[in-house]
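Chemist: Heads up: the sequence shown begins at 4 in this note's numbering, then just goes up one per residue.
Using N, Cα and C, we set each Cβ at its ideal position, and we do this for glycine too.
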Amino acid sequence: MMLSASPGSLAAPAWRDISAAESAAGPGTPGPARHIAIDRVGVRSRLNAARLQGSGYIELPAPVGSRYFRITETPVLAPALARRHPGIRTYTGVDISEPATTLKLALTPAGFTAQVMGPEGSYYVDPVRGHADRHILYTRRDRGRKSMPPPRCAVEGHAASAPAGSALPRGRATNEAAQAAAASALASGAVLSEYRLAVAATGQYTAYHGGTVAGALAAIATAVNRVNGIFERDVAVRFTLIEENEQIIYTDAATDPYSGGSASALAEQNQNNLDAVLPPTAYDIGQVFSTNNTGFAFFGVACRLTLKARGASGATAPDSDSFYVDIVAHELAHQLDARHTFNGTAGQCGANRSANDAYEPGSGSTIMAYAGICNGDNLKLRTDDYFHTHSFEQMVSYTTTGHGSVCAATTLTGNQPPIVDAGPTGLAIPVGTPFELIGSATDPDGDPLAYRWEQHDLGPQGPVNEPSGNAPIFRSFPARSTPRRLFPKSANLLAGTVKKGEILPAYARALEFRLTAQDNRTGGGGVDFDTVNLSVVDTGAPFRVTAPVAGATWPGLSTQTVTWDVAGTDAAPIDCAAVDISFSSDGGNNFDTVLATATANDGSADVLAPNGATALARIRVKCSDNVFLNVNDGEFTTTDTPDADSDNVPDTADNCPTTPNFDQSDVDGDLSGDACDDDIDGDMLLNADDNCPGVPNVGQQDQDGDGLGDDCDSDRDGDGMPNNWETTFMLDPDDPTDALLDNDGDGFTNLYEFFVGSDPNVADSPVPIPAVPVPMLWLTLLSIMMLARRALRDEAMRPAAPRG
């Protein structure tokens, strides 16, 4: 990595790639990993410079290439504790080219660590155990659970929220404006809530990290720095280690106050120990770290006097992302009142489910779920490093208006949460049919946003692919840069496969979804959501496309028929009257060619086959004013048909093959289209010389001399009255003088009566007052001028008399 005061003056990188053998990484190393040697002395010098300057820039290796971050120091140690341990420094960074990508960086005696989170996923840089200058870079996908026994969150004590106990208000003044902002709505970002965290360490944990208090404290600081990245982004919460934290780090497993038994026992022992060692006002929330491969915590105990330290996090290898995310973040969230969100029955899902919070199918995949430890109900093996919308709701409520707000120090961030619109709600869709939800959001600060659609339904517990009632059937996926989600994922829809956590509803039921938008700001991310509801109607069969079938061939520019099973969607309560038909040439990745818009939902439509050769063609039919859709059953072929002028008419049938002539108009019927015919009307006169190029006019008569032939002139005598009007009222369209006549003797000329819209032959016909008054004199003078002009023209055209 390299670091400087400005991105334009970055020094040479303080890291280099090395081989796996040179890195000395052990057999448990996640793979594929990037192996890196880091100059810790150089890095520390540059980070210190950034700290003194207030900020700086750093180049950090990435899975491919590198990224550049603007960094600031964000201590996780209380000031007095930090002064005693100057070798432990923590920083926060933002990618200078992708602000939604954030960095949590720590430099300790054990080495350099980094956590990068962004729209493309998360990756980590960790030191090789025992080699502080050698590091591995890996993603969460690179590390599986096979190298470690599955952790579990014990169920004891989770039956109900902890009793209130005695609240301990913070000694620091809470900003009244911050309190008001926090209470205004269930959104986060305007206020950062900070908790003083006491983390004890068992003798075994300290031994794992070198056997010294300083070594264990460095590891604890790294863990807190990592989880802060998640909590700050998702719920605007930060943890800071207390000044007295050294007093609760133990170096001897034989004499420490922890038995090493179950996680629930450790949590109880931790409360007793912290009560004995620390003043009750010294901390807001407490945990103990161990090498037990498990976790435990009471619900909603932050700020509660006799319960706030009842949390334990452990792993046999307590220095990996799985420990930080799956265990530490999970248990801290429990202490901020977040419950389990999985709904599965297998493995460890069976006993630890929370019925009022089971919003994720199967094992779930977010931090408060049980990814990887629910056997057949597993959606995946690794936990995704973010909180479900329900967990967000619980923690934001607890920390801003609930009991967790009593002791938190709050700070106005200057950030504003997004404004989210999930789109139309209350729509009805057919059973077994894919659908797509599209919302929108704006950020008052102009920050780039990431979006996540999640189901928000509760129902009976059951296996992941055997739902009943309104049980959740759609899993959560990490946020992305677009506010739309296709159910199921595009790859599964196109392949016709059914995956766990993405099964379509097979019976009538309700569906609720939330669109969450977040700006991913460090130090208090802006997050909010909006909700949309759907009702599934038992139509007896899904809405599906029946033609074209897989393997069909469409010649380009030919007329083809698309068919689909309407499945009763044209009737109430769905009432889909029209559909849109789209074409994909790349296997369904993009349906960007529209073949028909708002065509009747009657099961059949003729379309013009797109021109171009592809064997990856797909068709999509979507209800025009609803969210449901479907695709044809497989890829088919379209062929290329010569069309030199790209007017969608094959050259062999084009009456102007080299000139675009979309409507193929041919006025004179000579098989040469108007677009390329130099005599459109076939009157033997070139268009350029013809005073009526679209109407045969061999004699080129033009009695009013306006350059427009009589056969195409709407007022051929030039008297200001159209031919058809004069004919209707029995005037002469070839007599320019009748404009000044007064056929009905009512005192108004025929021309005037044309202008005002009255009948020139009926004296008592109403003569409306024009919107803009037209004086009789003006019209009379106009008529005289027109006739005079004609007389002068006729005189000029009369042959001169021969001279004597």
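Hey, Thr564 and Ser607: beta-carbon distance below 8 Å or not?
Modeler: Yes, Cβ-Cβ distance for Thr564 and Ser607 is below 8 Å.
Chemist: Looking only at its own chain, which residues have a Cβ that is under 6 Å from the Cβ of Arg806, when we skip the five neighbours before and after it?
Modeler: Reliability of the predicted coordinates at Arg806 is poor, the pLDDT of 45 falling under 50, and the value obtained from them is presented with this limitation in mind. Excluding residues within five positions, none has a Cβ falling inside 6 Å.
Chemist: Which one of Arg455, Ala27, Gly554, Glu363 has the shortest CA to CA distance from Gln464?
Modeler: Considering only alpha carbons, the answer is Glu363.
Chemist: From the DSSP output, in three-state form, read off Gly1 for me.
Modeler: Here the chain has residues from 4 to 807 only, and residue 1 is not among them.
Chemist: Can you tell me whether DSSP reads Pro89 as helix, strand or coil?
Modeler: Correct three-state label for Pro89: coil.
Chemist: In whole angstroms, give me the CA-to-CA distance for Gln207 and Val67.
Modeler: Computed Cα separation, rounded: 37 Å.
Chemist: Is Asp531 buried or exposed, if buried means 16 or more other CB atoms sit within 10 Å of its CB?
Modeler: Result: buried.
Chemist: If we count the other Cβ atoms within 10 Å of its Cβ and call it buried at 16 or more, is Gly760 buried or exposed?
Modeler: Flag for Gly760 reads exposed.
Chemist: May I have the straight-line CA-CA distance separating Leu430 from Asp387, to the nearest angstrom?
Modeler: If you take the alpha carbons of Leu430 and Asp387, they lie about 31 Å apart.
Chemist: Look up Met120 in the DSSP assignment and give the residues it is bridged to.
Modeler: Thr105, Ser125.
Chemist: Bridge partners for His138 per DSSP, in chain order?
Modeler: His138 is bridged to Ile39, Pro130.
Chemist: Output yes or no for whether 8 Å exceeds the beta carbon distance between Gly59 and Ala53.
Modeler: The answer is yes: Cβ separation under 8 Å.
Chemist: Taking Val552 as the reference, which of Asp636, Leu611, Ser627, Leu619 has the closest Cα?
Modeler: Per the Cα distances, Asp636.
Chemist: Per DSSP, what kind of secondary structure is Pro64 in: helix, strand or coil?
Modeler: Here Pro64 sits in strand by DSSP.
Chemist: Under 8 Å Cβ to Cβ from Gly390, same chain only, skipping five residues before and after it: list those, please.
Modeler: The sequence given here has Phe at residue 390, not Gly. Taken in chain order, the residues that qualify are Ile233, Asp237, Val238, Ala336, Ala341, Thr369, Ile370, Met371, Met398.
Chemist: Here's the rule: buried if 16 or more other CB atoms are within 10 angstroms of the residue's CB, otherwise exposed. What is Gln274?
Modeler: The residue in question, Gln274, is buried, as its Cβ has 16 or more Cβ neighbours within 10 Å.
Chemist: Three or more C-beta pairs under 8 Å: does that hold for the segment 504-517 against the segment 432-447?
Modeler: At 8 Å Cβ cutoff, the stretches touch.
Chemist: Following the continuous alpha helix (DSSP H) through Thr403, name the residue where it begins and the one where it ends.
Modeler: Run containing Thr403: 392-403, per the alpha helix (DSSP H) assignment.
Chemist: What does the alpha-carbon distance come out to for the pair Ala620 and Leu382?
Modeler: Spanning the two alpha carbons is a distance of roughly 31 Å.
Chemist: Tell me whether Asn359 is buried or exposed, calling it buried when 16 or more other Cβ atoms sit within 10 Å of its Cβ.
Modeler: Answer is exposed; the Cβ neighbour count stays below 16.
Chemist: With respect to the beta strand (DSSP E) encompassing Phe490, which residues constitute its N-terminal and C-terminal limits?
Modeler: Taken as a continuous stretch (DSSP letters only), the beta strand (DSSP E) holding Phe490 covers 487-490.
Chemist: For Pro481, which three-state DSSP category applies?
Modeler: Coil.
Chemist: Less than 8 Å separating the beta-carbons of Leu195 and Thr416?
Modeler: The answer is yes: Cβ separation under 8 Å.
Chemist: So the alpha helix (DSSP H) Thr309 belongs to, where does it begin and stop?
Modeler: Thr309 -> no alpha helix (DSSP H), and no H or E assigned at all.
Chemist: Since Phe751 is in the alpha helix (DSSP H), which residue starts that stretch and which ends it?
Modeler: Neither: Phe751 is in no alpha helix (DSSP H) and is coded neither H nor E.
Chemist: What's the call for Asn629, buried or exposed, on a 16-neighbour Cβ count within 10 Å?
Modeler: Buried: at least 16 other Cβ atoms inside 10 Å.
Chemist: If you draw a straight line from the C-alpha of Ala461 to the C-alpha of Gly615, how long is it?
Modeler: Sequence check: residue 461 is Leu here, not Ala. Roughly 48 Å separates the two Cα atoms.
Chemist: Would Phe586 pass as a contact of Thr596 if the rule is Cβ separation under 8 Å?
Modeler: Cβ distance < 8 Å, so Phe586 and Thr596 count as in contact.
Chemist: Below 7 Å, is the gap between the Cβ of Glu439 and the nearest heavy atom of the ligand PLP?
Modeler: With respect to small molecules bound, the structure shown includes none, and the ligand PLP cannot be examined in it.
Chemist: Between Ser164 and Phe302, what straight-line distance do the alpha-carbon atoms span, to the nearest angstrom?
Modeler: With a pLDDT of 48 at Ser164, under the threshold of 50, the modelled position of this residue cannot be trusted, and the question is left open.
Chemist: Please look up how many angstroms separate the CB atoms of Ser479 and Arg455, rounded, as I've assumed it's under 8 Å.
Modeler: With a Cβ gap of about 7 Å, Ser479 and Arg455 count as contacting.
Chemist: With a cut-off of 8 Å, do at least 3 Cβ pairs link the segment 220-234 to the segment 321-330?
Modeler: Segments in contact, yes.
Chemist: Hey, would you say Ala320 sits closer than 8 Å to Phe345, going by beta carbons?
Modeler: No; because the gap between Cβ atoms is not below 8 Å, this pair is not in contact.
Chemist: Does DSSP put Phe516 in a helix, a strand or coil?
Modeler: Reduced to three states, the DSSP call for Phe516 is strand.
Chemist: Which residues in the same chain as Pro470 place their Cβ atom closer than 6 Å to its Cβ, once the five residues preceding and following it in sequence are excluded?
Modeler: Taken in chain order, the residues that qualify are Ile476.
Chemist: Count the C-beta pairs between the segment 638-649 and the segment 667-674 that are closer than 8 Å, then say yes if the count reaches three, no if not.
Modeler: No, they do not touch.
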